[in-house]
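Down below is the structure, laid out as structure tokens.
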Amino acid sequence: MSNTVERVHESVRIERLETESVARLVLETNRTSLNVFHPSSVEALATAVESLSGDVDALVLHGEPVFSAGADLGEIERTPQEMRSAKIDTIAAASNRFIRSVRTFPAPVIAGVTGVAAGGGLGFVLASDLVYMHEDAVLNTGYARVGLTPDNAAPFFLVKTVGPYKARELFFDTDPITASEAVDLGLANECFDGPESAFLDRVTERAIEYADGPTETYARTKTLVDSVFDGRLDRHLEEERAAIKRMSDSDVFDEGLSAFLEDRQPEWE
């Protein structure tokens, strides 16, 4: 598909389809195969979504080489413990802005998931209007593995989708959720088989179908669906931010983070 590329950050680019009112917003990085994010890249994502508002009729979120494993835990580990809460709070603030921009975007926002969407990356997926996964992709909560509370509205959307009991299980048990399991749980609309190289084009084709539809109707429908939450998303995001900031200053997180990066089981007290 022919497109023009606009780079808005070293790790974020916008691809506009030349003949369609569709854009793809791509998070990319050469630093790690897990495509982790940083405050500046998440701020760039939010700015990009805000700039595209009213300018395209469908938006695809994608990550290269995988969707995203969340925040860069290696960078956080290198931060002195007494400064980690401030760093994580900065990431949370940027992520909250991005999630709000997705939920208020006046057109369908579609997550195309390849590889893994874990931690904060999972929250970005769940904040989208529609979720399509490659058959080999997985979702992963991951927070308990490092001793942190979840963020990026993952609890909010999980509870709304699977109920509180299953949501607790998914957060307590950090085993990956396969694409087919995600569809069965209602966390994804569809999983696509075939080569991963063709996946993004297939997702984009779906986006074009939506872009050719009644965009204003979709926008108002998004507002109606979200009105069921009655403003609770904003309150939830701030409560998440406070909780993760508290936990990031704890010995629990210090041990969990060290164990994760050293590829060993944490020794919880």
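In this text, residue positions in the sequence shown follow the numbering used here: the first is 200, and each later residue adds one.
We put the CB at the ideal spot given by N, CA and C, even for glycine.
Nearest C-alpha to Thr-348 among Arg-445, Leu-258, Gly-412 and Asp-411: Arg-445. Proximity to Pro-305 across Ala-270, Glu-242, Ser-327 and Ala-293 peaks at Ser-327, based on C-alpha coordinates. Going by C-alpha positions, Glu-468 is about 17 Å away from Phe-371. Taking C-beta separations shorter than 6 Å and ignoring five residues to either side along the sequence, the partners of Pro-375 in its chain run Val-337 and Asn-339, following chain order. Distances from the alpha-carbon of Leu-432 to those of Glu-395, Ser-284, Asn-295 and Ala-343 put Asn-295 closest.
Going by DSSP, Glu-439 is part of the alpha helix (DSSP H) stretching over 431–446. Within the stretch 367–422, complete beta strand (DSSP E) segments of at least 3 residues are found at 389–391, given in chain order. Annotation: the continuous beta strand (DSSP E) that includes Gly-262 extends over 257–263.
Rounded to whole angstroms, Gly-455 and Arg-344 show a C-alpha spacing of 6 Å. Contact annotation, Pro-238 with Thr-289: C-beta distance approximately 5 Å; criterion of less than 8 Å satisfied. In the displayed model, Phe-304 falls within coil according to three-state DSSP, outside both helix and strand.
The shortest CA-to-CA distance from Ser-449 to any of Val-241, Met-282, Thr-203 and Ala-397 is the one to Met-282. Runs of the beta strand (DSSP E) lying entirely within the stretch 297–371, each at least 3 residues long, are 308–312, 315–317, 329–333 and 337–339 in chain order.
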